[in-house]
Structure formats: C-alpha cells, structure tokens
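Below is one structure, written out as structure tokens; the observations come after it.
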Amino acid sequence: MITEEIIHRLKNIMDSEDRILMEKADLVSYSYDASFGTYFPDLVLQPISTEEVVGIVKLANEFTIPIYPRGTGTSLSGGPLPVHGGIVLDFSRWSQTLIIDAADTIAIVSPGVITADIDSEAKKHGLMYPPDPSSSHVSTIGGNLAENAGGPRGLKYGVTKDYVLGLEVVTPEGEVIRTGGRTIKNVTGYDLTKLIVGSEGTLGIITEAILQLIPRPLSTQTIMVIFDDIVDAGHAISSVLTSGILPSKMEIMDQASIIAVEEYQPIGLPVDVDAMILIELDGHPLAIKDESEIVKRVCLEVGARDVEIAKDDAAASKLWKARKLVSPAIVRKKPTKISEDATIPRSKIPEMFKRLQEIKAKYEIDLVVFGHAGDGNLHPNIITNKQDKEEMKRVEKAVEEIFATAIELGGTLSGEHGIGTMKAPFMVMELGEAGVDMMKRIKMAWDPNNILNPGKIFAEKGQRLVLVDE
Ligand SMILES: Cc1cc2nc3c(=O)[nH]c(=O)nc-3n(C[C@H](O)[C@H](O)[C@H](O)COP(=O)(O)OP(=O)(O)OC[C@H]3O[C@@H](n4cnc5c(N)ncnc54)[C@H](O)[C@@H]3O)c2cc1C
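What the sequence shown shows, in the working numbering, is residues 4 to 473, in sequence order.
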C-alpha cells in the first residue's frame, strides 16, 4: 500500500515531481508489455540518477514494496510486468550518457539508451556494437542487459553478455556496487557482471554499463537462398557452417512469413517457396566475394532451388527490411501473436521444423516460423485471437508441446526472450528441482526482502501457463 507518508518521502528523493506518475492513464500505460497479461502498478517513477534509485530502493525495503524495473516494455516474456503491484521504475528517460571512448574501444551508457543508438555512435569511429536484437531501435540497453538479448549477428559475434565489461548496479537492498571495469580482461573475484546480465531485473538494477566495441567489418554481402522444402533449409545451415565460413547472419523465414510480408508491403519475394534463408557475410571485400560463391555452391548441393547474391547495398537493405517486417506483417492476420524462442542444437534444426509442422496440424493453429536459424534460435509464432477461448486452449497446449519438444531435442526454453512470467512454470522441466533451487538460493541471498521484480523466473504456487481469461 502506498501511503501519503511514502509519497511525501518519494517527493524528497526524486529531483522532480514530474517524474512521479500516479494518474490512472499512466498506470494503464505501464500495466502491459509485448507479451501477455495486464497488471497495474501503484505508481511509476522515472529515475535519472543513481542517487534517486538508491533512495527509492531503500524506501521500498523499509515498507516492503515490490519494485519492477522497466526499459521500454518490449519484453516478450512478461519481464517488466508489475504482477504484485508496487512501483514500476521506468528507465526510458535516463538516456543522457552515451560516451564512445575509441582509444579504449568502449562505450559508457546510461540504462535508458536505445540500443541501436550505441551502434550508430560507434560507427562514427569505425567501431561496432554487435548485439542487434530485432527490437534494437526501440528497446533500451538496460532491458537488453537484463534479458541478455541477442540478434541476427549473434551467430558470429555472440550476444549482449559477450560485450559487457563492467556495470554499476544498485543492489536489491540499495547499495551501489561496480562489477568489472574498463579493461578487456578482468578476473578479480567472482564474475558478478555475468550474474547480473540475464538476471531479468531480479538481482540488481543496472544504472550504468561499460560495453566493449569491436572494429567494424570493411564490407558486407547479403545472399538470399530459397528452398522448396524447409527441412532442406535446416540442412543448408549446418552445411554452410561446416564449409569453413562463418556468416555474420543466417535468418530463416518460412512460407507463411514470406506471404505475410508480401501482403503487407510487397518487396518482390518469391511466395511459392517453402522457406528462404537470408545470409550476411562480412569482412574484407575480396574475401566475402569468394565466400559468397562457396555459400552458393554448398546451398545448391543440399537442395536449394535458387541462390541470389544481392547486387548492391540497396538490394541487400530491401531483403533485410523483409526480415524486419515479419512481426508487424503477421499480426495483420489475427490480433494476438505469441512469440516463442525455444532454441535447439543446430543439428536438430531439420527435426524441429518437422515437429513444428506436426504441432501446427495437431492443434489446428496458425503457426509461422522465422528467426535466427544459424544459432538454432527459431521463433515459432502462433497467430491467434485471445477472445476465441476455444482456440486459445489449443494454443496453450501447442505452446507447452513446443517447450517440451525443444527440451527433448537437447535445447532450451528460451534463447533470448527470458523466462519472466510466461515460462516460469516450465523451469523445472529444463533444470530439475535442484537446479531451480540453486537459483532461488542466489535470489534469496541478494534480495532477502524479495523486493526486486518478484513473481518472475520462479513459478509461484500453482502457477501454470494461462493464455485464456478464466
Ligand atoms: C518486435 C520485437 C522483436 C524482438 N526481437 C528480439 C530479438 O531479436 N532478440 C531479443 O533478444 N529480444 C527481442 N525482443 C524482446 C525484447 O525487445 C528484449 O527482451 C529487450 O531486451 C527488452 O528491452 P526493453 O527496454 O523493452 O526492456 P523491458 O521489456 O522494459 O524489460 C525487460 C526486462 O529488463 C528488466 N530491466 C529493464 N531495465 C532494467 C535495468 N536498468 N536494470 C535491471 N533490470 C532492468 C525488466 O525488469 C525486465 O525484466 C523483441 C521484442 C519485440 C516486441
């Protein structure tokens, strides 16, 4: 319960009352993210300094008020949802610091900086910030760090955790700690940086990050490969990766996603194919010219119908635009999109495609598959209508079967979207009771009052996947 006394004290902590939001319209705006479920906070605070965060967290401990950190709310797993009410800490206004130190090849950023802006600034210095989630133009670096976000370039360059050198963190009890630093190497003590990255806002609040930048490749080449059978596309991925070439991106779109894009914003993609893979090579122009020919040969050998090497940057941008358009295009069919990111070992990609086709037929659902195929991180998306309760029951079962299939094939519940509320009931299925218990012990040691993002990652008593309002 937020009392008059608490509000009075918050007004003393926050430099400006404009960043304390209590109107109903504001609370509605913070009650949802890009996943499922609606939960209202009691109030929203928009801190823009570490001192403000410390004051808020100490007060929250004194009165046992839950705190829910939030970037721009693009989470697909329920990460920032205030499931127990309390305070949402909105970091989207704290974007003031974006320093590129080219000599040290690092960027220093505040939590609300939009991720794509880091790479744009780095580019001015001949450098690159590789992590590129498809939401990078709208999501914050704080949210990316908390979710350990990945993107197409993850195939060659890895994900967010691989580029974090140091963090400033406000602990769940309101202490300020620094992990890591500005150096490329650092083995002093436990690696708390890696513990915080991917902890989904449950172990600490990130108030500053030091990120590693790398030299920007001299050039890129995009290749479109089309297939009459999506299973062949799965084989092509492994064949390219064992041909001595590591592309920077390998993204797949199935026929349903290609048709959806063409109906939304026609680009000229072939709609009569079962799947297409978009490949990007990067490096020295002469090297990628040779590599393009090898990729072409390898793909044709495993049954590709055709391979088209983009003539110029404009043609390449058009193809990558098609990939970006998949999400907005598929929701035009039906209003509800359930985006999964169950991830499997690369060798199991063809088998996973087969199993997804079976699940689609068994539950009579609209299932579209696209994603970061090169690293096994597929995005089976179910397009449905949450008002249709009968269909949603079938969708629930299909989602559970997708999770079970990924784990059976040696994969994981989530390659990048995180657990949040959506996948919490399935954690034991992947990690076992003892594995989940070890994680709970870490949470209890860091956050004894269970202040920070409670109700996430760990299932609450009786919690199960519910996509239908009961
Ligand atoms: C169209 C679309 C495409 C997407 N594509 C990708 C993709 O390719 N790859 C991918 O990985 N994800 C993708 N996502 C998911 C989402 O964009 C990422 O999870 C992103 O990292 C969330 O960032 P955000 O700023 O929106 O954070 P939010 O959604 O607001 O929060 C996410 C989590 O971060 C925590 N958090 C936020 N800020 C802080 C902080 N300062 N300190 C501690 N915890 C904090 C929150 O509590 C929450 O648990 C996509 C989402 C959409 C809608």
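Glycine is no exception: its CB is placed at the ideal position from the N, C-alpha and C atoms. If you're wondering where the values come from, they're calculated on a predicted model, not measured in any experiment.
| query | Below 8 Å between beta carbons: does that hold for GLU203 and GLY421? | reply | As a position in the sequence shown, residue 203 is number 200, starting the count at 1. As a position in the sequence shown, residue 421 is number 418, starting the count at 1. Between GLU203 and GLY421, the C-beta gap is smaller than 8 Å, which places the two residues in contact.
| ILE297, DSSP secondary structure in three states | Translated into the one-based positions of the sequence shown, residue 297 becomes position 294. The answer is helix: DSSP assigns ILE297 an H, G or I state.
| query | Residue range of the alpha helix (DSSP H) that GLU8 falls in? | reply | On the sequence shown, position 5 is the one that residue 8 refers to. Per DSSP, GLU8 belongs to the alpha helix (DSSP H) from 7-16.
| Can the beta-carbon of ILE5 be found less than 8 Å from the beta-carbon of LEU46? | Looking up residue 5 in the sequence shown gives position 2. Looking up residue 46 in the sequence shown gives position 43. If you check the CB distance, ILE5 and LEU46 come in under 8 Å.
| field | Backbone CA spacing between GLU419 and VAL56 [nearest angstrom] | value | Against the sequence shown, residue 419 aligns to sequence position 416. Against the sequence shown, residue 56 aligns to sequence position 53. The C-alpha of VAL56 is placed about 27 Å away from the C-alpha of GLU419.
| task | May I have the straight-line CA-CA distance separating LEU272 from GLY435, to the nearest angstrom? | result | Walking along the sequence shown from the start, residue 272 turns up at place 269. Walking along the sequence shown from the start, residue 435 turns up at place 432. Cα-Cα distance, rounded: 44 Å.
| field | Start and end residues, alpha helix (DSSP H) containing SER123 | value | Looking up residue 123 in the sequence shown gives position 120. Taken as a continuous stretch (DSSP letters only), the alpha helix (DSSP H) holding SER123 covers 118-126.
| field | Among PRO218, PHE406, ILE59, GLY286, the one whose alpha carbon lies nearest that of ALA106 | value | On the sequence shown, residue 106 is found 103 positions in, with the first residue counted as 1. Looking from the CA of ALA106, the closest CA among PRO218, PHE406, ILE59, GLY286 belongs to PRO218.
| said: Let's test the definition: count the other Cβ atoms within 10 Å of the Cβ of ASP235 and tell me whether it reaches 16, buried, or not, exposed. | reply: As a first step, residue 235 must be located in the sequence shown, where it is residue number 232. Classification of ASP235: buried, given that the 10 Å Cβ count is 16 or more.
| field | Helix, strand or coil at LEU130 according to DSSP, with G and I counted as helix | value | The sequence position of residue 130 within the sequence shown is 127, counting from 1. Here LEU130 sits in strand by DSSP.
| query | Taking the Cβ atom as the reference point for each residue, do PRO175 and LEU455 lie within a distance shorter than 8 Å? | reply | Position 172 of the sequence shown holds residue 175. Position 452 of the sequence shown holds residue 455. Yes; because the gap between Cβ atoms is below 8 Å, this pair is in contact.
| Residues bridged to GLU254 [DSSP beta-bridge criterion] | Your numbering for residue 254 matches position 251 in the sequence shown. The partner list for GLU254 (beta bridge, DSSP) reads LEU281.
| Distance CB(PHE461)-CB(LYS443) smaller than 8 Å | In the sequence shown, the residue the question calls residue 461 occupies position 458. In the sequence shown, the residue the question calls residue 443 occupies position 440. When the beta-carbon positions are compared, PHE461 and LYS443 come within less than 8 Å of each other.
| query | Comparing the CB of GLU150 with every heavy atom of ligand 1, is any distance shorter than 7 Å? | reply | Start at 1 with the first residue of the sequence shown, and residue 150 comes out as number 147. Within the cutoff, so yes.
| message | To the nearest angstrom, how far is the alpha carbon of LYS27 from that of ILE90? | response | Residue mapping note: residue 27 aligns to position 24 of the sequence shown, counting from 1. Residue mapping note: residue 90 aligns to position 87 of the sequence shown, counting from 1. Cα-Cα distance, rounded: 14 Å.
| message | When you compare the region 294-314 with the region 226-235, are there three or more beta-carbon pairs, one atom per stretch, that lie closer than 8 Å? | response | In short, these stretches touch, since the Cβ pair count reaches three.
| said: I'd like to confirm something about TYR267: is its beta-carbon nearer than 7 Å to some heavy atom of ligand 1, or not? | reply: Position 264 of the sequence shown, counting from 1, holds the residue named residue 267. In this structure, TYR267 has its beta carbon at no less than 7 Å from each heavy atom of ligand 1.
| Is the distance from the Cβ of ASP277 to the Cβ of PHE230 below 8 Å? | Translated into the one-based positions of the sequence shown, residue 277 becomes position 274. Translated into the one-based positions of the sequence shown, residue 230 becomes position 227. A contact, by the Cβ cut-off of 8 Å.
| query | Does the region 283-297 touch the region 206-221, meaning 3 or more C-beta pairs lie closer than 8 Å? | reply | Contact between the region 206-221 and the region 283-297 is established, with three or more Cβ pairs separated by less than 8 Å.
| task | Counting only the same chain and skipping the five closest in sequence on each side, list residues whose C-beta sits under 6 Å from that of THR41. | result | The residue you call residue 41 lines up with position 38 of the sequence shown. Excluding sequence neighbours, THR41 sits near SER34, TYR35.
| said: Using 8 Å as the threshold, is the C-beta distance between ALA119 and THR77 below it? | reply: Numbered from 1 along the sequence shown, position 116 holds the residue referred to as residue 119. Numbered from 1 along the sequence shown, position 74 holds the residue referred to as residue 77. It is not a contact, given that the beta carbons lie outside the stated cut-off.
| message | Assuming the contact rule is C-beta atoms closer than 8 Å, ASN384 and ILE341 should be a hit. Round their C-beta distance to whole Å, please. | response | Here residue 384 refers to the residue found at position 381 of the sequence shown. Here residue 341 refers to the residue found at position 338 of the sequence shown. Rounded to the nearest angstrom, the Cβ distance from ASN384 to ILE341 is 7 Å, consistent with a contact under 8 Å.
| request: Using 7 Å as the cut-off, classify the Cβ of ASN453 as near or not near the heavy atoms of ligand 1, replying yes or no. | output: By one-based count along the sequence shown, residue 453 stands at place 450. Checking the Cβ of ASN453 against ligand 1 gives no.
| message | With a threshold of 6 Å on Cβ separation, who are the neighbours of LYS201 within its own chain once the five nearest residues in sequence on each side are excluded? | response | Taking the sequence shown and counting its residues from 1, the one referred to as residue 201 is at position 198. It is Gly, not Lys, that sits at residue 201 in the sequence shown. Excluding sequence neighbours, GLY201 sits near ASN151.
| Quick one: what does DSSP say LEU311 is sitting in, helix, strand or coil? | Within the sequence shown, residue 311 is the residue found at index 308, counting from 1. One detail in the question is off: residue 311 reads as Glu in this sequence, not Leu. Of the three classes helix, strand and coil, the one that applies to GLU311 here is strand, per DSSP.
| message | Using a 10 Å radius around the Cβ and a threshold of 16 neighbouring Cβ atoms, would you call ARG73 buried or exposed? | response | Taking the first residue of the sequence shown as 1, we reach residue 73 at position 70. By the Cβ-count criterion, ARG73 is buried, with 16 or more other Cβ atoms from all chains shown falling within 10 Å of its own Cβ.
| ARG22 versus HIS87, THR182, ARG96, HIS11, residue with shortest Cα-Cα distance | Residue numbering aside, residue 22 sits at position 19 when the sequence shown is read from its first letter. Closest by alpha carbon: ARG96.
| Close Cβ partners of SER246 (< 7 Å) along its chain, the five nearest in sequence each way excluded | By 1-based counting over the sequence shown, the position of residue 246 is 243. Once the five neighbours on either side are set aside, the close Cβ partners of SER246 are ILE297, VAL301.
| Ordered along the chain, which non-local residues of its own chain (more than five positions away) have a Cβ less than 7 Å from that of ARG12? | Along the sequence shown, one-based indexing puts residue 12 at 9. So the qualifying residues of the chain are LEU62.
| message | Applying the 10 Å Cβ sphere with the 16-neighbour rule, what's the burial state of GLY154? | response | Translated into the one-based positions of the sequence shown, residue 154 becomes position 151. In summary, GLY154 is buried, with 16 or more beta-carbon neighbours lying within 10 Å of its beta-carbon over all protein chains present.
| query | Going by Cα to Cα distance, which pick from PHE39, THR210, GLU411 is closest to ILE180? | reply | On the sequence shown, residue 180 is found 177 positions in, with the first residue counted as 1. Ranking PHE39, THR210, GLU411 by Cα distance to ILE180 puts THR210 first.
| Status (buried if at least 16 other CB within 10 Å, exposed otherwise) for THR67 | Taking the first residue of the sequence shown as position 1, residue 67 is located at position 64. Classification for THR67: exposed.
| said: Assuming PRO353 is part of the alpha helix (DSSP H), what are its boundary residues? | reply: By 1-based counting over the sequence shown, the position of residue 353 is 350. 352-365 is the span of the alpha helix (DSSP H), which, as asked, contains PRO353.
| Where the alpha helix (DSSP H) containing ASP29 begins and where it ends | To locate residue 29, count along the sequence shown from 1; it is residue 26. Per DSSP, ASP29 belongs to the alpha helix (DSSP H) from 27-32.
| task | Output yes or no for whether 8 Å exceeds the beta carbon distance between VAL372 and LEU381. | result | Numbered from 1 along the sequence shown, position 369 holds the residue referred to as residue 372. Numbered from 1 along the sequence shown, position 378 holds the residue referred to as residue 381. Closer than 8 Å, so yes.
| said: Does GLN390 pass the burial test, meaning 16 or more other C-beta atoms within 10 Å, or should it be called exposed? | reply: The sequence position of residue 390 within the sequence shown is 387, counting from 1. Looking at its Cβ environment, which holds fewer than 16 other Cβ atoms inside 10 Å, GLN390 is exposed.
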